[in-house]
Amino acid sequence: MENERCEGCEGNSEMQDILNKYIQDKSNLIQILNEVQEYYGYVPEKAMLEISKYLSIPMAEIYGVVTFYSRFTLKPKGKHHIAVCLGTACFVKGSEKILDRAKERLGIDVGETTADGKFSLEATRCVGACGLAPVFTVNNEVYGKATVKMLDEIIDKCMEEGC
Ligand code: FES
17 MENERCEGCE GNSEMQDILN KYIQDKSNLI QILNEVQEYY GYVPEKAMLE
67 ISKYLSIPMA EIYGVVTFYS RFTLKPKGKH HIAVCLGTAC FVKGSEKILD
117 RAKERLGIDV GETTADGKFS LEATRCVGAC GLAPVFTVNN EVYGKATVKM
167 LDEIIDKCME EGC
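Each residue of the sequence shown is one higher than the one before, counting from 17 in this note's numbering.
This is the structure:
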């Protein structure tokens, strides 16, 4: 099937450009969502509506996929995106304490972004670095054998530098 412009995409050329790369097949959902996440920094509701029309997939199904995979977010991520691993190895080594500390320091819950856009917080499943448990990441940098003190120092540094 040839690509067609999706109904309702007028005026949103970025979404059209993304959708036009793919045939209207449900199997392209994850790839389209990946592109949307990368382009916007999150998956806006309007984008989900357009994907829903384009691929003829119910919104509830798309929402289910977006909320299932931790790489997709419904809100823009902060400049410093902190992700604390709650996989088994990390959990038994106390990663929940690190997550609790991050919530306390930043005043946000999992899935949220601070009002100034500087920090966002996520709880992830195993990130494949179990030997370093407990682990958290800041953007793509991995911090292993993590402690609450280590997290505090990183947050302090980011806040002091005003970055
Ligand atoms: S469980 Fe945390 S890295 Fe594997």
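For each residue, glycine too, the CB sits at the ideal point set by N, CA and C. Keep in mind the model is a prediction, meaning the values are calculated, not measured.
How long is the line joining the alpha carbons of residue i and residue j, rounded to whole angstroms?
i	j	result
Q47	E112	32 Å
R87	K93	11 Å
S29	G133	26 Å
M75	K165	42 Å
G144	T153	12 Å
F84	A99	15 Å
A63	V52	8 Å
Y55	A131	21 Å
P60	K173	31 Å
Ignore the nearest five residues each way along the sequence and tell me which others in residue i's own chain have a CB closer than 8 Å to its CB.
i	result
K119	D125, V126 and L137
C142	C101, G103, T104, A105 and C106
I73	K42, L45 and I67
R117	V164, L167 and D168
With a CB to CB cut of under 6 Å and the five nearest residues on each side skipped, what residues in its chain are close to residue i?
i	result
H97	S136 and N155
K91	Y58 and T129
I171	R121
M175	none
C146	A105
V82	V59 and F88
DSSP has residue i in a bridge; who is on the other side?
i	result
Y159	F152
V81	Answer is none; V81 lacks a bridge partner.
A99	E138 and T153
Below 8 Å on the Cβ atoms is my contact criterion, and I expect residue i with residue j to pass it. Report the Cβ-Cβ distance as a whole number of Å.
i	j	result
A139	L122	Between L122 and A139 the Cβ distance is about 13 Å, and since that is not below 8 Å, they are no contact.
Keeping to the same chain, check which residues put their C-beta closer than 7 Å to that of residue i; ignore five residues upstream and five downstream.
i	result
D33	none
K161	L148
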